[in-house]
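> Using this note's numbering, the letters of the sequence shown correspond one by one to residues 506 to 764.
The C-beta atom is built at its ideal place from N, Cα and C for all residues, glycine as well.
Remember, it's a predicted structure, so these values are computed and weren't measured experimentally.
The structure that follows is given in the form of C-alpha cells.
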Amino acid sequence: MNGGQADGRLAVVTGAGSGIGAAISLELARRGFVVVPTDLDGPAAARTADRCDSPASYRLDVTDQESLDQAVRLLKSQHGPPSVWVSNAGVSKMQPFLDITPADLDFTLGVNLRGLFLAGQAAARLMVEAGAGGCIVNIASMAGKQGRVPFLADYVASKFGVVGLTQAMAFELAAHGIRVNSVCPGYVATSMQERELAWEAGLRQTSVEAVRALYMADTPMRRIETPEDVARVVAFLASEDAAFVTGEAVAVNGGAFMD
Ligand SMILES: NC(=O)c1ccc[n+]([C@@H]2O[C@H](COP(=O)([O-])OP(=O)(O)OC[C@H]3O[C@@H](n4cnc5c(N)ncnc54)[C@H](O)[C@@H]3O)[C@@H](O)[C@H]2O)c1
C-alpha cells in the first residue's frame, strides 16, 4: 500500500533486514516513501525490499567505510539523494560488566556508535550536496537514557553515545535544513530480544518466560513493544508534522523509563 504523503521521496534504512529496521522500511513505504533497505545481510535486505516494493536494496556494513562509500555511489547514480536516512543497525550481547572483553567492547561500539557516526556522515554529505535538507533518525534505546540495565554496559555506553551524537549532528546540520533525532525503544519483540531473553535467563538462572514477564512488569502499559510501535514514531519524525523537531531523543517504551 502506498499512503502517498511522502510523494515518492527517498528513504534509506540501515539494518533493515529484520526486526525494527524491516518495520520502519514497511511503514515508510506505506506512507509513500521510496525505500531502499540496506543490511549487513544482503539477502535479508532484499527480502524487506520485496515487501516494500523497493526499487533496490544494498548489502551495507555500517562499520566499513568502503561499504558506505559504495552505497553512496550507488544512491547517487541510481536514485539521487535521500530525504530520510534511518540509522537502525545495531548489535547487543548480554554479559556482566567485568566479563566484557576489549574485543566485545570494540564490536559493540563499532556497530552501534562508530558505524552510526560514519553512516550519519555519509547521509549528511549526500543531503548537504543536494541542498534540499533532510531528516536523519538514529535508533538509540531506553538504555541510551538510563544505565540501570543489567548485563549491557557496552551497549549502554554505545547508546548514550548515540543520544549525544544525535544532538551534535542536529546542532551542526540545522544550518543545512537537516533535522536529526533519535528514537529510544524499550523491550521490543525482535530477534535481538530473543537472544537477550536467552542470555538473561541463563545469567539469572531462570526461564525465558520469567524474563519476558519481568520485561512486561517493568512496562506500565503491560505488553511487549512491537517493531511497529517504533516504526510509527520514526515515520512521524520523518514527516512534516515534525518539521521543527530536532536534537530530540524520543522515548517509545510504554512507560518503562520516563525522563
Ligand atoms: N529489540 C529491542 O528491544 C531494542 C530496544 C531498543 C533499541 N533497539 C535497537 O533497535 C535497532 C534494531 O534492533 P532489532 O531489535 O531490530 O535487532 P535485529 O537483530 O532484529 O536487527 C538488527 C539488524 O541489524 C543488522 N546489522 C548488524 N550489524 C550490522 C552492520 N555492521 N551493518 C549493517 N547492518 C547490521 C542485522 O543484520 C539485523 O538485520 C538496534 O539499533 C537496537 O540496538 C532494539
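(1) Short check: CB of Thr695 to CB of Ile525, under 8 Å?
(2) Which one of Val735, Val541, Val567 has the shortest CA to CA distance from Pro690?
(3) Would you call the stretch 652 to 664 and the stretch 597 to 605 touching, i.e. three or more CB-CB distances under 8 Å?
(4) Which runs of the beta strand (DSSP E) at least 3 residues long sit entirely within the stretch 580 to 642? Give them in chain order.
(5) Following the continuous beta strand (DSSP E) through Pro548, name the residue where it begins and the one where it ends.
(6) Just reading off the alpha helix (DSSP H) that Ser646 is part of, what are its end residues?
(7) Check whether the stretch 583 to 594 and the stretch 627 to 644 touch, using three or more Cβ-Cβ pairs below 8 Å as the test.
(8) Verify whether the separation of the beta carbon atoms of Ala594 and Thr711 is less than 8 Å.
(9) Could you check where the beta strand (DSSP E) with Thr543 kicks off and where it finishes?
(10) If you scan the stretch 679 to 732 from start to end, which runs of the beta strand (DSSP E) of 3 or more residues do you find wholly inside it?
(11) Let me check you understand the geometry: is the CB of Thr695 closer than 7 Å to at least one non-hydrogen atom of ligand 1?
(12) What do you reckon, is the C-beta of Asn607 under 7 Å from a heavy atom of ligand 1?
(13) Put Val567 into one of helix, strand or coil per three-state DSSP.
(14) Met726 to Arg556, Cα distance in whole Å?
(15) With DSSP as the reference, identify every bridge partner of Ala754, one or two as the case may be.
(16) For Val577, which residues does DSSP report across the bridge?
(17) With distances taken Cα to Cα, identify the nearest neighbour of Ala679 among Ala706, Gly652, Cys640.
(18) So, helix, strand or coil for Leu657, using DSSP?
(19) Apart from the five residues on each side of it in sequence, which residues of its chain come closer than 8 Å, Cβ to Cβ, to Val755?
(20) Just how far apart, CA to CA, sit Gly666 and Gly537?
(21) Say the cut is 7 Å; is the CB of Gln651 nearer than that to a heavy atom of ligand 1?
Short version:
(1) One-based indexing of the sequence shown puts residue 695 at position 190. One-based indexing of the sequence shown puts residue 525 at position 20. Yes, they are a contact pair.
(2) As a first step, residue 690 is located in the sequence shown; it is residue number 185 there, counting from the start. Among Val735, Val541, Val567, the Cα nearest to that of Pro690 belongs to Val735.
(3) yes
(4) 589 to 592
(5) Walking along the sequence shown from the start, residue 548 turns up at place 43. Run containing Pro548: none in the beta strand (DSSP E); it sits in the alpha helix (DSSP H), 547 to 556.
(6) Your numbering for residue 646 matches position 141 in the sequence shown. No alpha helix (DSSP H) contains Ser646, which DSSP labels as neither H nor E.
(7) yes
(8) On the sequence shown, residue 594 is found 89 positions in, with the first residue counted as 1. On the sequence shown, residue 711 is found 206 positions in, with the first residue counted as 1. No, they are not a contact pair.
(9) In the sequence shown, the residue the question calls residue 543 occupies position 38. Segment 539 to 544, the beta strand (DSSP E) holding Thr543.
(10) 683 to 690
(11) Along the sequence shown, read from residue 1 onward, the residue named residue 695 stands at position 190. True, at least one ligand heavy atom lies under 7 Å from that Cβ.
(12) The count along the sequence shown starts at 1 and reaches residue 607 at position 102. Checking the sequence, you will find Pro at residue 607 rather than Asn. Every heavy atom of ligand 1 is 7 Å or more from the Cβ of Pro607, so no.
(13) For the purposes of this step, residue 567 is taken as residue 62 along the sequence shown, with counting starting at 1. Val567: coil per DSSP, three-state reduction.
(14) Here residue 726 corresponds to residue number 221 of the sequence shown, with the count starting at 1. Here residue 556 corresponds to residue number 51 of the sequence shown, with the count starting at 1. Looking at the two C-alpha atoms, the distance is approximately 30 Å.
(15) Numbered from its first residue, the sequence shown carries residue 754 at position 249. DSSP lists Ser687 as partners of Ala754.
(16) Residue mapping note: residue 577 aligns to position 72 of the sequence shown, counting from 1. The partner list for Val577 (beta bridge, DSSP) is empty, contrary to what the question assumes.
(17) Against the sequence shown, residue 679 aligns to sequence position 174. Cα-wise, what sits closest to Ala679 is Cys640.
(18) Sequence index remark: in the sequence shown, residue 657 carries index 152 (1-based). In the structure shown, Leu657 sits in coil (DSSP, three-state: anything other than H, G, I, E or B).
(19) On the sequence shown, residue 755 is found 250 positions in, with the first residue counted as 1. Cβ neighbours of Val755 beyond the five flanking positions: Asn686, Ser687, Val688, Cys689, Val738, Leu742.
(20) Indexing the sequence shown from 1 puts residue 666 at position 161. Indexing the sequence shown from 1 puts residue 537 at position 32. Looking at the two C-alpha atoms, the distance is approximately 32 Å.
(21) Position 146 of the sequence shown, counted from the start, is the residue given in the question as residue 651. No; taking the cut-off as 7 Å, the Cβ of Gln651 has no heavy atom of ligand 1 nearer than that.
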